[in-house]
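Worksheet for the structure shown next.
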Amino acid sequence: MSPEPARQATAALRAGGPSTGVTTTAPPDRRNTSASSIPAVPVSDVFAVLGSLPRGLTSAEAATRRDRCGPNELPGVRRGQVWRRLVAQFTDLFAVVLLVSSAITFLAYWLGQPRDPSTLQLALAILGVVLLNAGIGFAQEYSAERTAESLQAMVPRTCRVLRDGERRELPARDLVPGDVVILDAGDAVPADCRLVEAQEAAVNNAALTGESDPVARVAAPVPPGPPLQARNCVFMGTDLVAGTAKAVVFATGTATEFGRIFRLTAAAPRQRTPLQRQVAVMARRVAGVALATGAALFAVRLPSGQPFVDTFVFSLGVMVALVPEGLPATLSVSLAIGVRRMARRHALVKQLLAVEALGSTSVICTDKTGTLTQAEMTVVQLWADGASHAVSGVGYAPAGEITDAGALRELLRAAALCSNARLVPPTGRDSWRVLGDTTEGALLVAARKAGLDPAREEAGTPRVAEHPFDSARKLMSTVHRDSDGRFFAYVKGAPLELLAHCDAIDRSGAKAPLSDAARTQVAAAADGMAGQGLRVLAVARRPVSGPRPSLGDVESELTLLGLAGMYDPPRPEVRDAVDACRRAGIRIIMVTGDHPLTAEAVARRVGIVRESAPAVATGTQLDALDDSGLDALLANSSELLLCRVSPEHKMRVVTALQRRGEVVAVTGDGANDAPALKHADIGVAMGASGTDVAREAAVMVLLDDSFASITTAVGLGRSVYRNIRKFLIYLFSHNIAELVPILAATFAGFPLVPITAVQILAIDLGSDVLPALALGAEPMEPDVMNSPPRPRQERLFSTAVMGRILFLGDIQALGVCAVFFWHIHASGIPYADFTKDNPVYREAITMVQAGIVVSQFFNALAVRTDRQSVFRAGLLTNPWLLVAGCFGIGLMAAISYAPPLQAVFHTAPLAPADWAVLAAFGALLLAAEELRKWALRHRRTSSKGGR
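Position one of the sequence shown corresponds to residue 788 (the numbering used here), numbered consecutively onward.
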C-alpha cells in the first residue's frame, strides 16, 4: 500500500469524521470507528488510532473501558419460562375448541336442575383430553434454544495480553478495545484485532468464512475493504495455526464479526414446516365446520321443545364427533417414532415436525469442507524425474504406500523440512491430527508413508533461517545445517513461480541442467495434476554459503526435486448419496467459502457436477445481482456452485429458493453456516466435526457427519408423510361414522343421540389411538426414493385423500346407522318414549360404539396400502397393528360388559349375534376397499396397454 492512502486513512480515523476521534488516552468509539478503515492504518499509527500503547493499557484504563464497552462476550439466550412453554400447548386451535367446550359443559352442569352427573363426566373427559394432548406435546417438543450460548462456547476462555507493561493471562471476557494481545500457534483469537507484529502467522478462518485453507497474515497496512478480507486482521472465533503475532483489539463482544453472525442467527426466524402449515389450515377448517354444525343443530333442536341442557349436550356431541381429539397426540408420537428411526440411522432430529419436512425437501444447499470432504488434505500423486508416483491412503493417518518410494526420498525429505506443521499421533479417542497448515501436514504424512521420520530429519538437519511464505512470491524457504556443517536451502511453492527460480533438475539423485524441454515437461505435469483438481506444490533445493543467506541467494539457481499433488478427499459414501438425491429429484447446490476451482473439483468427484461448464457464481457476483437476477440464476442453472460466499449470501440464497416454492435443506458445520441453517426449512449440521453453533442452529444433526445420512433421513421423512396420510384417513373416516348417525337421528325426529360425547372420546382416545400409532410406524417402502419430492403447495388433504375418507367413512356410517335404527325399530317403542335409561336405547348406542370400533379394525388393514392389496402386502407384516386393533376391541368389550364402565358410558352387554353382525359389516368395508384398489390397478394397467 502506498504511504498516501495510509496517511489519509489515519487522518480520517483521528479526525473522527467517518471513522473515529480516538486518541492515545481515550478509548475508541466502536459506534463510529469504521472497521474497513483500520486495515489501512500504518503499523506505526495503530496504537494511537486505537487508543493504546505498545506496552498495553493500564489496569485502570482497562476497567474504565470495560465499564463503557461491556464484557467481551455474546449475550445469553433469553429462555422462555417453562410454564409459558407449557401454556403455549393450550393455544392449539383444537385445544381451544375443546377447552371452551369443557368450560361450557361445566357451566351447564352447574346451572342444571337437577344436575346430571353425565354432564360432569363429559366436561371432565373433554378436559382430560386437552391435558393429555398438552402433556404429550410438551414432552416431545420441549427443547431450549442455545445457539447464542454455543457461539460463546467457541470464544476462548483466557488470553495473553499486555497490561501495565507486563504479560498477563486474563479471562477473554475482560478484553477491551485497545488491549494488546499476544498470539502463538494453536491459540484461539479472543476478539477482532489489528496485527502490529506477525512472524510466519497464518489463521484458519473456516468458522467465519467456510474457507478451509489457512490464510497468511501480515502486519503491514492493506487497502480499505471488507474486514474479513483484510490480511492484517484476525477475528474472534478463528485460530492461529502457524507463527506468532501481536495485535491490538479493535472490536469486542457483539461488535465483532463473530457477533455479527450472532445477530444474524438471532434475527433469523425459524421457518414453519409444510406439515405445520397444513395442520394449521386443517385445524382451522375442522374447528370451523365443527362449530358451525353444532351451532346449526342447536338452533334446529332448541325450538322443538327440547331442554336447553340436553340440546346443548347434543350439539356438543356433534362438535366432539367432528374434532379429531386423538390427532395431536397421535401426530406427536408418530413423529417421535420417526425421530427414533432416524437416530438409529445417525440422524438426530431435534424438532418433531422437521421429520416430515425432510420428506418434502426439494433442494439441498451443501457446504464443502467437512460435509462432502473429510477436511484432511492428502497427497495422492508425486512427480519426480519424469515419472508419476501414486500415493495410497486417505487422511492424516500415515497408513498407505507410495509407488517406488525410494526415488522420492529426497523430494519428501525436503518438503518435510520446509514445513512448520506438526503431525500429532492419536491420543485417547482422537485420531491423527495436524497442528498448523493442513497442506504442510499432508506433506508430513506423505513423508511418513515413504519411511521418513520428519522429527528425526529436523533434528539431524536443524533449521537456522527461514523466509516465510507470502502471496507475492508464492514461495517458502528454509535454511538447514547438516551433520557435516554444510548449509542447504529448501524451497516449496507454486510450480510456475518455483520453476522460474530453477536452473537444474534432479535426475536419479544427480543434478542435470533444466532445459526448455524439461521445463515444458514439468509444466505439463503440474497442469495435469491441476486438471485433476489437485493442489500442486513444487519442491527444490540448493547449497548455500552460510546460515543467513539473502532471499535472492536462497531462491535462485535452484535444483527442482519434483511435484506433489494433493486434495481434500471426499467422503467415500457421498457419491452414492448424491446419486440417490438425483433419483429422488432433489437438486444439490454447493455453497462454500472456498475458491471456485477447488469447489468445482470436489463437486465433480462426488457427482454434483457432471456438465462440462456448470454455473459458478462468487459472493461478489451475487452482490451485483438484484432479487430478479438471483431468481434467474437459480432457475436457469441446473448445476450451480456458489463460492466465496458470506453468511448473508447464504441466507439470501435460501430466501430466494423458498420464494420459488422450494423446500430447502442447508448443510454446514461452521459458525458461518448458523444463520442459514436456522433460516432454512431444514438445517442439517455435522455432529462430530461441526461447531456447537451449527449444531444448535440446525434442526437435524448428522451424528456420523455422513452426507449419506441425509439421503436416508429424506427417505424416512417421505415414509413418515405417507404414514401420516394413512392414519389421517383412518381417523377422519370414523369421524364420519360418528357424525352421520347423530344427523340421521335429528332428521328422523329421534329425541336422543345415537352416540354420546363420552363414547366418542372413548373411541378417539381409547380404541383408535394405538392402531393409528401402528399405522404411523409402517416400515419404509422400497420405492420411496424413486419419485420426485411432492410440491410445496400440495395439500395434506388432497382430493384423493378426501375421496378415500368419504368412501370409507360412508360405509362405516351406513353400517352403524343400520344397526342403531334396526335395534330401535325392533323394540316397537315410539321415538318419543325413549329415555336415556331405556335398556333398548343403551343397547343401541352400545352397538353404534362397538360397530365403529370393529369397523375401524378392518379399516386399519384397508388403509395400509394405496393401490396394492393388503393381502399381497401381508397381514402379518405389521403385527403391532393387529395387536392394537385387538386391544381396541377388548376395550370395547370391557365398556360393554364391565358394570363400572357401563355406568360411565351408559352401555349394555351385547349378545354374540350382535358381534357377528358388526364383524360382517367390518368385513364388508374391507372387501369394498379391496375392490376399489383392484379397479385402480386395472385402470392403470389398461391405460398402459392403450399406450
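Idealized CB from N, CA, C, for every residue including glycine. Keep in mind the model is a prediction, meaning the values are calculated, not measured.
- Task: Note down, in chain order, each residue of its chain lying with its Cβ closer than 6 Å to the Cβ of Glu1253, except the 5 sequence neighbours on either side.
- Result: Thr1265
- Item | Short Cβ contact (8 Å threshold) for Ala1740 with Leu982 | The shown model of the chain, from 788 to 1734, leaves out residue 1740, and the question about it has no answer.
- Query: Is His1725 buried or exposed, if buried means 16 or more other CB atoms sit within 10 Å of its CB?
  - Reply: Under a 10 Å Cβ-count criterion, His1725 is classified as exposed, with fewer than 16 other Cβ atoms of the shown protein chains found around its own Cβ.
- Roughly how many angstroms lie between the CA atoms of Asp974 and Cys980, to the nearest whole one? Their backbone Cα atoms lie some 14 Å apart in a straight line.
- Item | Option in Gln1636, Phe1584, Gly1615 and Thr1041 with minimal Cα separation from Leu1526 | Gln1636
- Between Ala1710 and Val1641, what straight-line distance do the alpha-carbon atoms span, to the nearest angstrom? If you take the alpha carbons of Ala1710 and Val1641, they lie about 9 Å apart.
- Task: Use the C-beta contact count for Pro1699: other C-beta atoms within 10 angstroms, 16 or more gives buried, fewer gives exposed.
- Result: exposed
- Taking just the CA atoms, how far does Leu1557 sit from Ile1542? 21 Å
- Which residues bound the alpha helix (DSSP H) around Lys1155? Where Lys1155 is concerned, there is no enclosing alpha helix (DSSP H), given that its DSSP letter is neither H nor E.
- Same chain, Cβ closer than 7 Å to Thr1405, five either side skipped, listed in chain order: Pro1383, Cys1430 and Arg1431
- Item | Residue nearest to Gln1168 in terms of C-alpha spacing, selected from Val1178, Gln1161 and Val976 | Val1178
- Alpha carbon to alpha carbon, what distance is there between Val1150 and Val1507? 19 Å
- Based on the DSSP output, what are the partners of Pro1558 in its beta bridges? Paired residue(s): none; Pro1558 is not in a bridge.
- Query: Is it the case that the Cβ atoms of Val1471 and Leu1489 are separated by a distance below 8 Å?
  - Reply: yes
- Put Ala1371 into one of helix, strand or coil per three-state DSSP. DSSP places Ala1371 in the coil class of the three-state scheme, outside both helix and strand.
- Item | DSSP state of Arg1654 mapped onto helix, strand, coil | coil
- Item | Gln1408 to Leu1239 span [Cα, whole Å] | 46 Å
- Item | Terminal residues of the beta strand (DSSP E) in which Cys1430 lies | Leu1427 to Cys1430
- Item | Inter-residue Cα distance where the pair is Gly1173 and Leu1301 | 12 Å
- Between the beta-carbon of Ala827 and the beta-carbon of Pro1014, is there less than 8 Å? No, they are not a contact pair.
- Item | Selected residue, minimal CA-CA separation from Phe834, among Ala1388, Lys1033, Leu886 and Ala890 | Its Cα nearest to that of Phe834, the residue Lys1033 stands out among Ala1388, Lys1033, Leu886 and Ala890.
- Message: Whole angstroms are fine: how far does the CA of Val990 sit from the CA of Thr1031?
- Response: Taking the CA atoms as reference points, Thr1031 sits about 10 Å from Val990.
- Proximity to Val1021 [Cα-Cα], best of Val948, Ser1102 and Val968: For Val1021, the nearest C-alpha among the options comes from Val968.
- Task: Would you grab the beta carbon distance between Ala1208 and Leu1222 for me? Rounded to a whole angstrom, and I think it's under 8 Å.
- Result: About 6 Å separates the CB atoms of Ala1208 and Leu1222; that is less than 8 Å, so the two are in contact.
- Query: Any idea what DSSP makes of Trp1219, helix, strand or coil?
  - Reply: coil
- Report the rounded CA-to-CA distance for His1612 versus Ile1598, giving the unit in angstroms. 21 Å
- Query: To the nearest whole angstrom, what separates the beta carbons of Leu1285 and Leu1321, a pair I think is in contact under 8 Å?
  - Reply: In fact, because the Cβ distance is near 16 Å, the residues do not count as touching under 8 Å.
- Item | Nearest-angstrom Cα separation, counted from Val1028 out to Val1440 | 31 Å
- Reduced DSSP category for Lys1623 - H, G, I as helix; E, B as strand; rest coil: In this structure, DSSP gives Lys1623 a state outside helix and strand, which the three-state scheme calls coil.
- With a Cβ-Cβ cutoff of 8 Å, do Leu1347 and Val1323 count as a contact? no
- Task: Give the straight-line distance between the Cα atoms of Met1164 and Ser824, rounded to the nearest whole angstrom.
- Result: In a straight line, the C-alpha of Met1164 is about 35 Å away from that of Ser824.
- Message: Which residue wins for smallest C-alpha separation from His1176, given the options Phe1692, Gly1187, Tyr1183 and Asp1191?
- Response: Among Phe1692, Gly1187, Tyr1183 and Asp1191, the Cα nearest to that of His1176 belongs to Asp1191.
- Query: How many angstroms separate the CA atom of Pro1626 from the CA atom of Gln1580?
  - Reply: 52 Å
- Query: Roughly how many angstroms lie between the CA atoms of Leu1595 and Lys1623, to the nearest whole one?
  - Reply: 30 Å
- Task: Report all residues from its chain with a CB closer than 7 Å to the CB of Pro1212; omit the five preceding and five following residues, and keep chain order.
- Result: Trp1219
- Item | Backbone secondary structure at Asp1413 - three-state DSSP | coil
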